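Below is one structure; the comments refer to it alone.
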Amino acid sequence: NAGVTQTPKFRVLKTGQSMTLLCAQDMNHEYMYWYRQDPGMGLRLIHYSVGEGTTAKGEVPDGYNVSRLKKQNFLLGLESAAPSQTSVYFCASSGYYEQYFGPGTRLTVT
Amino acid sequence: KNEVEQSPQNLTAQEGEFITINCSYSVGISALHWLQQHPGGGIVSLFMLSSGKKKHGRLIATINIQEKHSSLHITASHPRDSAVYICAVKGGGADGLTFGKGTHLIIQP
C-alpha cells in the first residue's frame, strides 16, 4: 500500500496564479484533511471531508477550495495564489482516531 | 477551540540522557497524538492515546485525562532522535487535529 500520497512535492507560483494539490489514499478511509504548516504557527486545519461528496471548513479556510469527488482523492485548490499562502501543505486521512499523513507539498508564492 | 501548549519549545541534550516533553490542552478530548517530524521531512505518528500509558522501544507516552496533560519520554536518547515532536489532540467529532507548536529536540553525541 502507498498510504497517503501528495502531488506535486514542490511548486512555485506567481501571485494570482491558480493550482490544485492532489491527495490520494488507498486505505479506504472516510475522513481526509488538508493542513498547512508555517514556522511559529504549527499545523493548522484548512478543510476536511467526512466522506465522498462532503467537505467542511477548518480553522484557516479563506483562499482555498476543496473537492472530494472520489473517496480516495481530496483536492485542494488555490484560485488566486497570494504570498501569504506560501507554506508546506500536508494531507492526512483517518479511519477515525488514527491519522496518516502524506509527505507534504512545499508551495512558494512569489 | 482547544488550546494546546507544549514545553519546552527547544531542548538540547547529550546522548544517553532521559528526555521529557510535556503537552497540556484546555478542553476535553477523545484522543491525543504524539507526532515526529525530521527536518524537511514528513510527519510520522508515534503514539495515539486516550488513557494511561503506551511504550514503543525507547519511547513512552502517558496521559492524565483529569489534568489534561500528556508527556512523551525518550530513554537513552540518541542523535537520531533529533527531530521536532508535536502534540496534537482530537475532539469528539470528525473535525481534524489541533496541534501544539512542537518541541525542537537536538541530541548531541
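One line per chain: the protein sequences are V and R, in this order.
With the first sequence counted from 1, adding 44 to any position gets you my numbering.
With the second sequence counted from 1, adding 1139 to any position gets you my numbering.
Just so you know, even glycine gets a beta-carbon here, dropped at the ideal spot from N, CA and C.
Everything numeric in this text was worked out from a predicted model, so none of it was measured.
Determine the closest residue to residue i out of the options, with distance taken between C-alpha atoms.
| i | options | result |
| --- | --- | --- |
| Gly1230 (chain R) | R:Ser1189, R:Val1223 and R:Glu1144 | R:Ser1189 |
| Cys67 (chain V) | V:Leu151, V:Tyr133, V:Thr154 and V:Gly60 | V:Tyr133 |
| Val1166 (chain R) | R:Ala1227, R:Thr1242, R:Ile1245 and R:Val1223 | R:Ala1227 |
| Gly1191 (chain R) | R:Leu1211, R:Gln1247, R:Thr1151 and R:Leu1174 | R:Leu1211 |
| Asp82 (chain V) | R:Lys1240, R:Gly1180 and R:Tyr1224 | R:Lys1240 |
So does residue i have its beta carbon nearer than 8 Å to some heavy atom of the ligand MN?
| i | result |
| --- | --- |
| Leu89 (chain V) | The ligand MN is not part of this structure, which contains no ligands at all. |
Give me, in chain order, the residues of the same chain whose beta-carbon lies closer than 7 Å to that of residue i; leave out the 5 immediate sequence neighbours on both sides.
| i | result |
| --- | --- |
| Val153 (chain V) | Leu57, Thr59, Ala125, Ala126, Pro127, Gln129 and Thr130 |
| Ala1249 (chain R) | Limits of chain R in this structure are 1140 at one end and 1248 at the other, which puts residue 1249 (chain R) out of reach. |
| Pro52 (chain V) | Thr149 |
In whole angstroms, what separates the C-alpha of residue i from that of residue j?
| i | j | result |
| --- | --- | --- |
| Gln1145 (chain R) | Val104 (chain V) | 21 Å |
| Leu151 (chain V) | Leu87 (chain V) | 15 Å |
| Val94 (chain V) | Pro1147 (chain R) | 34 Å |
| Leu113 (chain V) | His91 (chain V) | 15 Å |
| Gly1232 (chain R) | Ala1170 (chain R) | 11 Å |
| Gly1235 (chain R) | His1195 (chain R) | 25 Å |
| Arg1197 (chain R) | Gly102 (chain V) | 35 Å |
Could you name the residues of the same chain whose beta carbon sits closer than 8 Å to that of residue i, not counting the 5 residues immediately before and after it, in chain order?
| i | result |
| --- | --- |
| Ser62 (chain V) | Gly121, Leu122, Glu123, Ser124 and Ala125 |
| Thr99 (chain V) | His91, Tyr92, Ser93, Val110, Ser111 and Arg112 |
If you drop the 5 nearest sequence neighbours on each side, which residues of the same chain put their C-beta closer than 6 Å to that of residue i?
| i | result |
| --- | --- |
| Thr64 (chain V) | Leu119 and Gly121 |
| Gly148 (chain V) | Val132 and Phe134 |
| Ser138 (chain V) | His73 and Tyr75 |
| Phe54 (chain V) | Arg150 |
* To do: Report yes or no: do three or more beta-carbon pairs, one from the segment 131 to 142 of chain V and one from the segment 1182 to 1190 of chain R, lie closer than 8 Å?
  => Counting Cβ pairs under 8 Å, three or more are found: they touch.
* Asked: Are at least three pairs of beta-carbons, each pair with one atom in the segment 64 to 83 of chain V and one in the segment 118 to 128 of chain V, less than 8 Å apart?
  -> Per the Cβ contact rule, the segment 64 to 83 of chain V is in contact with the segment 118 to 128 of chain V (3 or more Cβ pairs under 8 Å).
* Asked: Can you find at least 3 beta carbon pairs, one from the segment 1200 to 1212 of chain R and one from the segment 1148 to 1156 of chain R, that sit closer than 8 Å?
  -> Touching, no, given that fewer than three Cβ pairs across the two stretches are closer than 8 Å.
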